[in-house]
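This report concerns only the one structure given below.
2 protein chains.
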Amino acid sequence: MDDNAIRLAVSTVIVALRPHPDTGVPALWMPLVRRVTEPYEGSWALPGGWVGADEGLDDSAAARLRETTKVQPRYLEQLYAFGAVDRSPTRVVSVVYWALVHPDEASVVPDDWNVRWFLADEHPPLAFDHDRIVEYALWRLRNKMSYSRIAQAFLGDRFTLAELRGVYEAVLGQTLDPANFRRQVAQSDAVLPTDETTSGGRHRPARLYRSNPDLSYADNGPLTTP
Amino acid sequence: MDDNAIRLAVSTVIVALRPHPDTGVPALWMPLVRRVTEPYEGSWALPGGWVGADEGLDDSAAARLRETTKVQPRYLEQLYAFGAVDRSPTRVVSVVYWALVHPDEASVVPDDWNVRWFLADEHPPLAFDHDRIVEYALWRLRNKMSYSRIAQAFLGDRFTLAELRGVYEAVLGQTLDPANFRRQVAQSDAVLPTDETTSGGRHRPARLYRSNPDLSYADNGPLTTP
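Given below as structure tokens:
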């Protein structure tokens, strides 16, 4: 029975939207954690850690994320279990989650020697198989944007249509026609207009929208926790 | 470090299309395995077993499935890792796969005291949290039918459009209009007509189709093995 000397870890790919340093346009960023022990000491890695014997997987992912980055995301979803025999010097299976965080949630991440934000497409080589995990997470995110309301997870309670379009443009890596985008959103019930507008400043006030509370971000089926 | 006394298992939800005993119409069936040890001795459960220390997760799922049911599916995909603390008397995390098998693959499953086919919607109460796992797998299957070519995994190399429609009807639990279905298939590039037809018998010969080899069943992204 105990040929089962496999240790179980959780890791989380967190993504948030922040301005690109060159263009100012919203872009996808990820916080990464610097490893302070071997293996891969000094390398950057996804935030994570061991699953406690008395912790469920979801709770464990949330706890390790909070401990390493302080983030407590609204949207934390299991992505995939990575278990190749050679992915670590000892045998470790990692259940990987992803978290899409809006600006308020993202702001608690310390940006220091141990934890740092990187552009999702320009991060340094990561420890273990984390490069492959990030590649898969970004692919899944792009894919899922087309058939779920996941884009709203990046935004706060109120947002303009331009901000929502900015999410799609950042994730998909292409610009979208504003009029077409407005028409498609109006035809769906994913977001609802409010009576509020932006306060203006240099720009004309823009209508603020909110998520439709009757719809969840992603159709996680019978596993969705209420 | 060794608060990590968690054992790792794999289980697989296998689904195949077989005639419903009352109506003869194709329906979803699952082979289940009878447990011969405690806990849940005598109960039906998903086929599976422990992950070997030198086995990757995919290899382990395939091996445990072959050992318990003899099935070696073309389509075996990781579904979800189930890890609630109380899902088993001892702490076990199960990485669950699903296999969609076509009639030739399904025919090797022995139908005896230890292994038996059940209608997916009418199976007996299962061991552990396997009822919930099956519910989730069937939900994911229905969902995935709408945005992938996964239906073809249930069929052999050649199939008629009526057979393909039968897959959708069995999985979605509703009848589809044959003319509309034909039109939708013709507009997509998911299946290609061949020069062959069914041999007839009582019926008019029907055109045989095949999967488009340039497309995979499901978009598994960077994790797809070639």
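So the protein sequences, as listed, match chains A and B.
Counting from 1 along the first sequence, just add 94 to a position and that's the residue number in this note's numbering.
Counting from 1 along the second sequence, just add 94 to a position and that's the residue number in this note's numbering.
By construction, the Cβ of each residue, glycine as well, lies at the ideal position given by its N, Cα and C atoms.
All of these numbers come straight from a predicted model, not from anything done at the bench.
Outcome for residue i when other beta-carbon atoms lying within 10 angstroms are tallied against a minimum of 16
i: residue 188 (chain B); result: buried
i: residue 172 (chain B); result: buried
i: residue 241 (chain B); result: exposed
i: residue 297 (chain B); result: exposed
i: residue 162 (chain B); result: buried
i: residue 125 (chain B); result: buried
i: residue 219 (chain A); result: exposed
i: residue 265 (chain A); result: buried
i: residue 293 (chain B); result: exposed
i: residue 204 (chain A); result: exposed
i: residue 170 (chain A); result: buried
i: residue 106 (chain B); result: buried
i: residue 303 (chain B); result: buried
i: residue 199 (chain A); result: buried
i: residue 118 (chain B); result: exposed
i: residue 280 (chain A); result: exposed
Any chain B beta carbon closer than 9 Å to residue i
i: residue 97 (chain A); result: With a pLDDT of 45 at residue 97 (chain A), under the threshold of 50, the predicted position of this residue should be treated as unreliable, though the coordinate-derived value follows. Yes, residue 97 (chain A) counts as interfacial toward chain B.
i: residue 154 (chain A); result: yes
i: residue 222 (chain A); result: no
i: residue 149 (chain A); result: yes
i: residue 263 (chain A); result: no
Beta carbon proximity, residue i to chain A, threshold 9 Å
i: residue 36 (chain B); result: An answer regarding residue 36 (chain B) cannot be provided, because it is not within the stretch 95 to 320 covered by chain B.
i: residue 244 (chain B); result: no
i: residue 130 (chain B); result: no
i: residue 304 (chain B); result: no
i: residue 145 (chain B); result: yes
i: residue 101 (chain B); result: yes
i: residue 126 (chain B); result: no
i: residue 158 (chain B); result: no
i: residue 241 (chain B); result: yes
Rounded Cβ spacing between residue i and residue j (contact assumed at less than 8 Å)
i: residue 127 (chain B); j: residue 165 (chain B); result: Rounded, the Cβ-Cβ distance is 11 Å, inconsistent with contact.
i: residue 261 (chain B); j: residue 270 (chain B); result: Not really, about 10 Å apart at Cβ, beyond 8 Å.
i: residue 108 (chain A); j: residue 221 (chain A); result: At roughly 16 Å, the Cβ-Cβ gap does not stay under 8 Å, so residue 108 (chain A) and residue 221 (chain A) are not in contact.
i: residue 305 (chain B); j: residue 246 (chain B); result: 5 Å
i: residue 179 (chain A); j: residue 150 (chain B); result: 5 Å
Residue i (DSSP reduced to helix, strand or coil)
i: residue 290 (chain B); result: strand
i: residue 210 (chain A); result: strand
i: residue 100 (chain B); result: coil
i: residue 95 (chain B); result: Because residue 95 (chain B) sits at a pLDDT of 41, beneath the cut-off of 50, its placement in the model cannot be relied upon, and the following sentence gives the value as read from the coordinates. Correct three-state label for residue 95 (chain B): coil.
i: residue 161 (chain A); result: helix
i: residue 275 (chain B); result: helix
i: residue 243 (chain A); result: coil
i: residue 248 (chain A); result: helix
Proximity test, residue i beta-carbon vs the ligand MN heavy atom, cut-off 8 Å
i: residue 232 (chain A); result: Inclusion of the ligand MN in the displayed structure is not the case, the ligand content being empty and no account of it being possible.
Residues from the region 174–190 of chain A in contact with chain B, defined by Cβ distance under 7 Å: 174, 175, 177, 178, 179, 185, 187, 189
Near-chain B residues of the region 250–282 of chain A - C-beta to any C-beta below 8 Å: none
Residues of the region 108–121 of chain A with Cβ closer than 7 Å to any Cβ of chain B, in chain order: none
Near-chain B residues of the region 200–233 of chain A (beta-carbon distance less than 7 Å), N- to C-terminal order: 226, 229, 230, 233
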